[in-house]
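Residues -24 to -1, 1 to 34 (mature numbering (1 follows the signal peptide of the UniProt record, and there is no 0)) make up the sequence shown, in order. Don't be surprised by glycine CBs; every beta carbon is placed ideally from N, CA and C. Reading through the structure tokens given below for one structure.
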Amino acid sequence: MLRTVATMAVAVALGLADATAVSSHKITTLPGYNDAKPINFDQYAGHIPLPSNGQNMF
């Protein structure tokens, strides 16, 4: 029981850390972008490892 609780706590901590890392790479403004409508989708900068082959996608 204690091992299960500890495992769940680690999983939650990793999930929170991952969410923070993703939000720190979110692009909120673009220099010179003056459209009347804001960008309506999320943009992120960085590398994402592909689960299929481990290569990094930019």
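**Report entry** Cα-Cα separation, Gly30 to Ile24
**Finding:** Their Cα atoms are separated by approximately 9 Å.
Requested in this report: State the Cα-Cα distance for the pair Ala21 and Pro27, rounded to the nearest angstrom.
Outcome: Rounded to whole angstroms, Ala21 to Pro27 spans 18 Å at the Cα level.
Query raised in the report: Who does Asn10 pair with in a DSSP beta bridge?
Result: The partner list for Asn10 (beta bridge, DSSP) is empty, contrary to what the question assumes.
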